[in-house]
Ligand code: PGA
């Protein structure tokens, strides 16, 4: 059985003091969960989050982006080694907000995924279609193209160190969640594509887009959905906890 993963994406929210308070509050609430819990925090919170969770095996910390170059004249960017230097474990790559507002392409996403893996970071690779693409009936074709390009050049070994998140853009931060059937259909198509590319499909594929305590269970118990990437509902421990503990 594939593991279930619940990852929070704090986006540009939370200060170090909020981070420490959050970790203190979430810790006892998810202690007994058998699901993997990851919190992807702003760069300025990484040190504090990792410091708190260092000896806590059930809380994992990630960043939300990085550059693919190792160092150099890239003002304002963070390198893979900078992330590993603070013992960061995961990194979100290719979130739709990065693609939309910061011109990330499948080519740069692919370079970042490869750079992350080379440095021992585990990428959470995000794909998803726009509302226009969905309405035109192209959702599956769009995500399959993204998957093929974003994972180009990866080995089967690499596959065991990545997580894929399917996040339909029209469902992110809008309160509109994909139905469990729609999410399952696309995630199954992604799994088929991964199997075609790697002759193996043993990779967690998460759903993201307005996940909340009310819809977590119905989504995460679909056969191909292995958990969620949670934005807004990951900012409050008492709300996020209910999503992590969807199976209780
Ligand atoms: P949301 O964000 O849960 O607030 O819709 C999800 C995401 O962008 O990862």
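Residue numbers (our numbering): 58 to 305.
Cβ atoms here follow ideal geometry from the backbone N, Cα and C, with glycine treated the same way.
Which same chain residues, not among the five before or five after residue 280, have their C-beta less than 8 angstroms away from its C-beta?
-> Only 241 and 245 meet the Cβ criterion.
Would you say the beta carbon of residue 262 comes nearer than 8 angstroms to a heavy atom of the ligand PGA?
-> False, no ligand heavy atom lies under 8 angstroms from that Cβ.
Out of curiosity, what's the CA-to-CA distance linking residue 267 and residue 183?
-> Per the coordinates, the alpha-carbon of residue 267 lies some 15 angstroms from the alpha-carbon of residue 183.
Of the listed residues 188, 169 and 187, nearest to residue 179 (C-alpha basis) | Closest by alpha carbon: 169.
Can you tell me where the alpha helix (DSSP H) with residue 211 in it begins and where it stops?
-> Where residue 211 is concerned, there is no enclosing alpha helix (DSSP H), because DSSP gives it neither an H nor an E.
Return the chain-ordered list of same chain residues with a C-beta closer than 6 angstroms to the C-beta of residue 222, the five sequence neighbours on each side being excluded.
-> Within the same chain, residue 222 has close Cβ partners 181, 183, 263, 265 and 286.
Taking 9 angstroms as the CB-CB limit, is residue 203 close to chain C?
-> Of the protein chains in the structure, only one exists, and it is not chain C.
Leaving out five residues on either side along the sequence, give the residues of the same chain with a beta carbon under 6 angstroms from the beta carbon of residue 104.
-> Within the same chain, and ignoring the five residues on either side of residue 104 in sequence, the residues whose Cβ sits closer than 6 angstroms to its Cβ are 143.
Report yes if the CB atom of residue 79 is closer than 9 angstroms to the CB atom of residue 294, and no otherwise.
-> Yes, they are a contact pair.
Residue 263 bridges to which residues according to DSSP?
-> According to DSSP, residue 263 bridges with 222.
Member of 296, 130 and 149 whose CA lies at the smallest distance from the CA of residue 167 = Here the closest residue by C-alpha is 149.
Reducing DSSP to helix, strand and coil, say where residue 290 ends up.
-> DSSP places residue 290 within a helical segment (H, G or I) once states are collapsed to three.
For residue 117, collect the residues of the same chain with a Cβ closer than 8 angstroms to its Cβ; drop the 5 residues on either side in sequence, then sort them by chain order.
-> Counting only residues of its own chain and dropping the five nearest sequence neighbours on each side, residue 117 has a CB closer than 8 angstroms to the CB of 93, 94, 95, 96, 110, 146 and 147.
Run the proximity test for residue 119: is its beta-carbon closer than 8 angstroms to any non-hydrogen atom belonging to the ligand PGA?
-> Short note on residue 119: C-beta not closer than 8 angstroms to any heavy atom of the ligand PGA.
Is it buried or exposed for residue 191, if we count other Cβ within 10 angstroms and need 16 for buried?
-> Burial call: buried.
From residue 64 to residue 253, what does the alpha carbon distance come to, in whole angstroms?
-> Taking the straight line from one Cα to the other gives about 26 angstroms.
Does the separation of the CB atoms of residue 153 and residue 81 fall below 9 angstroms?
-> At a Cβ-Cβ threshold of 9 angstroms, residue 153 and residue 81 do not count as neighbours.
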